[in-house]
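Asker:
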Amino acid sequence: MSTSTSALSDDQPFIGLDIGGSCVKLVLVERIGYVPDASSGRIEHPLAAVIRDPSKSNYLGTEWGAKNAIRKLEWFGDSEHERAVYALWFLTSDFIEFAKRVKEDRELKPTPKARVSATGGGALRLRAEAEEMLGIELLIVDELKALTSGWRVDAESLAASEGPVEYPALVCNIGTGVSLVSVGAAHGEYERVSGSGIGGATFWGLVQRLTRFTSFGEAVTAAKLSGDPGQADTLVGDIYGVDTSKAIGMPADLVAGFLGKLGAGKATDADVVAALLRMVTSNLGQLAVFQARLMGVSEVWFTGGFVQCAGDKPEDSVGRIVRLALAEAVSFWSAGATRTRFPPDALLLGALGAVAASLNSLSQAM
8 MSTSTSALSD DQPFIGLDIG GSCVKLVLVE RIGYVPDASS GRIEHPLAAV
58 IRDPSKSNYL GTEWGAKNAI RKLEWFGDSE HERAVYALWF LTSDFIEFAK
108 RVKEDRELKP TPKARVSATG GGALRLRAEA EEMLGIELLI VDELKALTSG
158 WRVDAESLAA SEGPVEYPAL VCNIGTGVSL VSVGAAHGEY ERVSGSGIGG
208 ATFWGLVQRL TRFTSFGEAV TAAKLSGDPG QADTLVGDIY GVDTSKAIGM
258 PADLVAGFLG KLGAGKATDA DVVAALLRMV TSNLGQLAVF QARLMGVSEV
308 WFTGGFVQCA GDKPEDSVGR IVRLALAEAV SFWSAGATRT RFPPDALLLG
358 ALGAVAASLN SLSQAM
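Everything in the sequence shown is counted per the working numbering, starting at 8 for the first residue and increasing by one.
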């Protein structure tokens, strides 16, 4: 894997790595039809082999996913722009064991070190382990730079079907915590304008503490299928009664206090998760709408592992459940005036953007 200044014109693959607080994301970007061939100098690194075909790994943990697609990526210096993009993601808690297995493969079949464009807090925290066990050299890319570079690729791909991107754009990235970023029309133009410590880690930490769920997906799905947040939240109707609520002009099902009835002990685990999801997404929706008003924009883009946009097609998928909750929160706080948008590969933007940012830096240096 080369990232030399000649890389923009050859067909060597590129690897992007994003190690977040809860999830590791890997992408492999290569020319369509690329075939590893040692006789021609195309020696495949075992990490690239696993991203391309996860079945080649004997350890990915309990929760993981993969996808591949043909994408138009205009960072490359040819006229075609299209590249094959392979993606793999799994829990950060499984990273060290995953890296050990890749190291075992490397010891059986030695390969040169690969240069990997990396981002995320974990890429810094686990840099030594990643480089030693995976047999790679990490090229660290600033987290917001990677996020916005990846977002721009995804967002612009939707222009034909969903309309042009509005600039400045407000991007709300929900991972362990939350960052709200203003992205300008020019490449590399971005600024973190706000944020919150109430994000994905808050939701999952409370789910683990208050319920018996051990899987994020299982918890969110149960909340959707059988959870009633009103069993855990104190509603206006609980305080005033249904008739009086109408008289004072407030809906009886409006939340007066999140988790206010939790102590009563009547809520099921699914009810509690539904209430937690409503609490966190309502908070984020409010924050996003208020920031949109300050910026004078009419739409908010949500990205990050919490929204899980990585090819989850089924209508009842975890990502769609979370996205619907966010959309409802934004609609409520903006009275329907603010549009909610989700890039198709929100989970992968950091890893994809790390590659894009690295290649952009190389092209400027040439």
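Even glycine gets a Cβ: it sits at the ideal position worked out from N, Cα and C.
It should be emphasised that the depicted structure is a prediction, and the values quoted were computed from it without experimental measurement.
Please state whether the Cβ-Cβ distance between Tyr-66 and Arg-108 is less than 7 angstroms.
Answerer: Working through the sequence shown from its first residue, we reach residue 66 at position 59. Working through the sequence shown from its first residue, we reach residue 108 at position 101. Their beta carbons are under 7 angstroms apart, which means Tyr-66 touches Arg-108 by this criterion.
Asker: On a Cα-Cα basis, can you pick out the residue from Val-57, Leu-54, Ala-91, Gly-68 that is closest to Gly-40?
Answerer: Position 33 of the sequence shown, counted from the start, is the residue given in the question as residue 40. For the residues Val-57, Leu-54, Ala-91, Gly-68, the minimum Cα distance to Gly-40 belongs to Ala-91.
Asker: Is the closest heavy atom of the ligand MN to the C-beta of Ala-162 under 6 angstroms?
Answerer: For the structure depicted, the ligand MN is absent and the ligand set is empty, with no information on it obtainable.
Asker: For Arg-219 and Gly-212, what's the separation of their Cα atoms in angstroms?
Answerer: Position 212 of the sequence shown holds residue 219. Position 205 of the sequence shown holds residue 212. In a straight line, the C-alpha of Arg-219 is about 12 angstroms away from that of Gly-212.
Asker: Pairing CB atoms from the stretch 244–259 with CB atoms from the stretch 289–302, are three or more of them under 8 angstroms?
Answerer: As far as the Cβ criterion goes, the stretch 244–259 does not touch the stretch 289–302, which means the pair count is below three.
Asker: Exposed or buried, Ser-402, counting other C-beta atoms within 10 Å across all chains shown (16 or more means buried)?
Answerer: Any property of residue 402 remains undetermined from this structure, which presents the chain solely from 8 to 373.
Asker: Within 10 angstroms of its Cβ, does Leu-141 collect 16 or more other Cβ (buried), or is it exposed?
Answerer: In the sequence shown, counting from the first residue as 1, residue 141 sits at position 134. Buried.
Asker: In chain order, what residues of the same chain have a beta carbon less than 6 angstroms from the beta carbon of Ala-332, not counting five sequence neighbours either side?
Answerer: On the sequence shown, residue 332 is found 325 positions in, with the first residue counted as 1. Once the five neighbours on either side are set aside, the close Cβ partners of Ala-332 are Leu-284, Thr-288.
Asker: With a floor of 4 residues, list each alpha helix (DSSP H) that falls wholly inside the stretch 22–107, ordered by position along the chain.
Answerer: Those alpha helix (DSSP H) runs which fall completely within the stretch 22–107 and span 4+ residues are 53–59.
Asker: Here's the rule: buried if 16 or more other CB atoms are within 10 angstroms of the residue's CB, otherwise exposed. What is Asp-352?
Answerer: Stepping through the sequence shown from its first residue, residue 352 is reached at position 345. That one is buried.
Asker: Please classify Ser-201: does DSSP put it in a helix, a strand, or coil?
Answerer: Position 194 of the sequence shown, counted from the first residue, corresponds to residue 201. DSSP places Ser-201 in strand when its eight states are reduced to three.
Asker: Three-state secondary structure (DSSP) at Ile-255?
Answerer: In the sequence shown, the residue the question calls residue 255 occupies position 248. If DSSP states are grouped into helix, strand and coil, Ile-255 belongs with coil.
Asker: Classify Glu-37 as buried or exposed, calling it buried when 16 or more other Cβ atoms lie within 10 Å of its own Cβ.
Answerer: Taking the first residue of the sequence shown as 1, we reach residue 37 at position 30. Label assigned to Glu-37: buried.
Asker: Let me know the secondary structure DSSP gives Phe-339 once reduced to three states.
Answerer: Taking the sequence shown and counting its residues from 1, one reaches residue 339 at position 332. Here Phe-339 sits in helix by DSSP.
Asker: Below 8 angstroms on the Cβ atoms is my contact criterion, and I expect Arg-197 with Ser-189 to pass it. Report the Cβ-Cβ distance as a whole number of Å.
Answerer: Residue mapping note: residue 197 aligns to position 190 of the sequence shown, counting from 1. Residue mapping note: residue 189 aligns to position 182 of the sequence shown, counting from 1. Contrary to the premise, residue 197 reads as Tyr rather than Arg in this sequence. Their Cβ separation, rounded to whole angstroms, is 7 angstroms, which keeps Tyr-197 and Ser-189 in contact under 8 angstroms.
Asker: Tell me the DSSP bridge mates of Arg-134?
Answerer: The count along the sequence shown starts at 1 and reaches residue 134 at position 127. Arg-134 pairs with nothing; no bridge assigned.
Asker: Out of Glu-138, Ala-192, Val-243, point me to the one whose CA is closest to Arg-159's CA.
Answerer: Looking up residue 159 in the sequence shown gives position 152. It is Ala-192 whose Cα lies nearest to the Cα of Arg-159.
Asker: Rounded to whole angstroms, how far is the Cβ of Leu-33 from the Cβ of Ile-50, which I believe are closer than 8 angstroms?
Answerer: Position 26 of the sequence shown, counted from the first residue, corresponds to residue 33. Position 43 of the sequence shown, counted from the first residue, corresponds to residue 50. Not confirmed; about 19 angstroms, so no contact.
Asker: May I have a chain-ordered list of the beta strand (DSSP E) segments no shorter than 3 residues that lie completely inside the stretch 137–180?
Answerer: Counting only runs of 3 or more, we get 143–147.
Asker: Does Thr-345 come out as helix, strand or coil in the three-state DSSP assignment?
Answerer: On the sequence shown, position 338 is the one that residue 345 refers to. Three-state result, Thr-345: coil.
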